[in-house]
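The sequence shown begins at 1 in the UniProt record's numbering and counts up by one.
From the three backbone atoms N, C-alpha and C, an ideal C-beta is built for every residue, glycine too.
Following: one structure in C-alpha cells, then a few remarks.
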Amino acid sequence: MTTTALRAGFRRGLIELRQSFTTIQDLWGYLFPTLIFLVVMILMKGSTIPGTTFSRGSMTLPSLIGASVGFNAMINTMQQLTLEREDGTLLRAKALPHGMSGYLVGKIVMISGMTLTGIVLLVVPGLFLFDGLEIDALTWVTLVWVLALGLVATLPIGAVLGSLFENPRTMGVVMLPVTALVAVSGIFYPIGELPSWVQGIAQVFPLYWLGLGMRSAFLPDAMAAVEIGGSWRAWETLGVLGAWAVAGLLLAPVLLRRMARRESGSSVAARREKALQRVPG
C-alpha cells in the first residue's frame, strides 16, 4: 500500500463519515438504536443484579457499549461491502492503482467513526442517567485499549463476511446468529445466570469480551464478583480479542483479494439484473 493510497483512503473515509451526519436516514440510524437502548436501560433501573444492590440498568450501560463496538463493526462492514459490490463501487475501486487498499482504508475510517459516534451518543446521557459508575483515569485507559483492540478484532470479521456474501438481501442470514450471540454474551444480565454450555459458547466470540472489558472500565471492582471467575480477567480479554484480531487480519486480506479478482463488469451487471427482477413491476 502506498502513502498516496493511504491518504486518499483516509480522506475518503472522513468524507463519507461527514456525509453520514448530513442525511436524515443516517442520522436516524445513529439516534434510533441509542434511544431504544436508553429506554430499555431506564426500564431496568428498578431491577438489581442478584446478590447485590447494584442496578441492572447501570450494569447494562457498559455492556452495551462493548456490544455496540462489535456489532456495528461487523455488520456495518459486511453491509458496506455487499452493497458496494452490487452497485459497482468495488469494481471502480479495483480499476485504480492501489484502489482496493484506499477503499478498505476509507471503510475502516468511516465505520470506526460511526462506531465511535454511537458510543458517544450512548455514554454521554448514560453517565447522567445511571448511578454507581466509577469514572477515573483508569476508566479511560481501559476504554481506549478495549475499544481499539475490539475494532481490530471485529472489523476483519465483517470484511470476511462481506467477501462471502454477494447479495445484501442475505443480511438476515448473519443478523440472526449475531443477535442471538448478543443475547447470550452477558450484555443484559450476568452471564453466570446462563447454563455452563452457553457460557462456553459466548466466551469463544469477541462480543462477550468486549462487554466484559467495558464493564471493567466503568463498574466498581466489587461487581467483578458476579463475573465468571469472580474477576475482570483483563489478560484473558486481551488474549481472546488479540487472537481474533490476528486471525481476522490474516484471513480477511486473502478473501478480499479473491473477491476483488472475481469482480468484473459482467458480474456487476448480473447482480443488478437479479436485483431488478426482485422489484415488483
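As the crow flies, the alpha-carbon of residue 131 is around 46 Å from that of residue 5.
For residue 45, there is no enclosing alpha helix (DSSP H), as DSSP gives it neither H nor E. Shown here for residue 259: same chain residues with a beta carbon closer than 6 Å to its own, the five before and five after excluded, namely 163 in chain order. The segment 69-103 contains, as complete alpha helix (DSSP H) runs of 4+ residues, the segments 89-94 (chain order). For residue 231, the three-state secondary structure derived from DSSP is coil. Put simply, the backbone Cα of residue 47 is about 39 Å away from that of residue 246.
Just measuring C-alpha positions, the residue of 231, 209, 184 sitting nearest residue 147 is 209. Here residue 55 carries a strand assignment [DSSP, helix/strand/coil]. Of all C-beta pairs linking the segment 87-102 to the segment 135-147, fewer than three are shorter than 8 Å, placing the two stretches out of contact. Distances from the CA of residue 118 to each of 44, 61, 33, 161 were compared; the closest alpha carbon is that of 33. In terms of Cα proximity to residue 10, the closest of 25, 202, 20, 106 is 106. By the criterion of at least three beta-carbon pairs nearer than 8 Å, the segment 150-158 is in contact with the segment 247-257.
Counting only runs that start and end inside the segment 138-186, the alpha helix (DSSP H) elements of at least 4 residues fall at 171-183. Per DSSP, reduced to three states, the secondary structure at residue 239 is helical. The alpha-carbon of residue 237 is positioned some 17 Å away from that of residue 225. Ranking 255, 122, 30 by CA distance to the CA of residue 63 puts 122 first. Per the C-alpha coordinates, the member of 102, 220, 240 positioned closest to residue 52 is 220.
In this structure, DSSP gives residue 25 a helical state, which the three-state scheme calls helix. Contact between the segment 171-187 and the segment 68-81 is present: three or more C-beta pairs spanning the two stretches fall below 8 Å. For residue 80, the number of other beta carbons within 10 angstroms of its own is at least 16, and it is reported as buried.
Each of 127, 97, 103, 44 was checked against the Cα of residue 84, and the nearest Cα belongs to 103.
Nearest C-alpha to residue 144 among 41, 116, 24: 116. Per DSSP, the continuous alpha helix (DSSP H) segment holding residue 214 begins and ends at 206-218.
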